[in-house]
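Structure, as C-alpha cells:
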Amino acid sequence: MSAPAILPHALTLGLLAGGRATRLGGLDKAWLLHDGQPQVLRLAQRYAKHTAAVLISANRDLDRYAAHGLRALPDPRSDRGPLGGLETLSAACATPWLLTLPVDALAPPADLIERLAAGGDRGACAVDDDGVQPLFALWHVDSLRTPLTRALDHDRLAVQALQTELGMAHVRCDGLRFGNLNTPDELAAAGIVAQR
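Per UniProt numbering, the very first residue in the sequence shown carries number 1; after that it's consecutive.
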C-alpha cells in the first residue's frame, strides 16, 4: 500500500545537528555559511512550507538556535550518534511523520518529501548517486519509537539496521548527489570558509 501525499500538518522536519564534527576540528556544522546563510537556516527554510514544525537535535549553543526562532533539543543519551538524535526528534515530534536531514546536507532535492512518501506507508530513505543515505529519511513516528528505544537500549546504533527492521523502502534519486560536509576538502569544494 502506498502512502498518500503527506500534507504539511502531518509532517515535522527534524535536523540532525548533534554531531561532534571531529574531522572538522569540532566546527559546528549547523552554523557554517553556505551561500551566505547558515546551514541550519537554509535547510529549515527550504522545507518550511511543507512541514508543520521544525525541530533540531543539537548538543551545544541551544540559545543560538532560539535566537533564530528554532527549537533545538539536546540528546538525552550521550554518544549515541544519529540514533540519539533521532530519539530526541521522535520524542518531541507531534505529527505522524518525521522527515530527517543531516544539518550538513548540501543539495537535497526540493521534492524530497514527495519522493520519499512514494516509498510507502512504512517510511523510506533516499538513495542518491553516492549510495544509500539513511539520514535523508521519512519516518512513521508511531512505528519508530518502540524499536528505536529498544535499539538504543541494546547499543544497536546502525541506522540502516533500524530501517530494515521497520521495513522502510529505499527510494532512488538517480542523477542526484545530496552532498555533505565532513572534511576540509568538502568544505572547500562547497565554497565554504570555516569560521570558529
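Glycine included, C-beta positions come from ideal geometry on N, C-alpha and C.
Euclidean distance between Cα positions of Thr12 and Ala67: 20 Å
Continuous alpha helix (DSSP H) stretch holding Val171: start and end: That residue, Val171, is in no alpha helix (DSSP H); its beta strand (DSSP E) goes Ala169 to Arg172.
Residue 200 - partner residues in DSSP beta bridges: With the chain running from 1 to 196 in the structure shown, residue 200 is simply not present.
Ala30 versus Ala17 - alpha carbon distance: 6 Å
Range of the contiguous beta strand (DSSP E) that encloses Thr12: Leu11 to Leu16
Spatial neighbours of Gln133 in its chain, beta-carbon cut-off 7 Å, leaving aside the 5 residues before and after: Correct list, in chain order: Cys125, Ala126, Val127 and Phe178.
Between the CA atoms of Arg122 and Met168 - distance to the nearest angstrom: If you draw a straight line from the Cα of Met168 to the Cα of Arg122, it comes to about 5 Å.
Inter-residue Cα distance where the pair is Ala52 and Ser90: 14 Å
Leu131 - DSSP class collapsed to helix/strand/coil: According to the sequence provided, residue 131 is Gly. The question's Leu does not apply to it. Three-state result, Gly131: strand.
In DSSP terms, what Val54 is bridged to: Leu13
Any 3 or more C-beta pairs closer than 8 Å across the stretch 105-120 and the stretch 76-96: With the cut-off at 8 Å, the stretch 105-120 and the stretch 76-96 do not touch.
Assigned secondary structure, Arg80 (DSSP; H/G/I helix, E/B strand, else coil): The three-state secondary structure of Arg80, taken from DSSP, is coil.
Candidates Ile192, Pro76, Leu152 and Val103: closest to Ala92 by CA position: Pro76
Same chain only: Cβ atoms within 6 Å of His50, ignoring 5 sequence neighbours per side: Pro8 and Ile113
Test item: CB-CB of Ile192 and Leu41 under 8 Å: No, these two residues do not count as a Cβ contact at 8 Å.
Residue nearest to Ala94 in terms of C-alpha spacing, selected from Pro74, Asp61 and Leu55: Residue Leu55 is the option with its Cα nearest to Ala94.
Residue from Gln163, Arg156 and Asp174 with nearest C-alpha to Thr100: The candidate whose alpha carbon is nearest that of Thr100 is Gln163.
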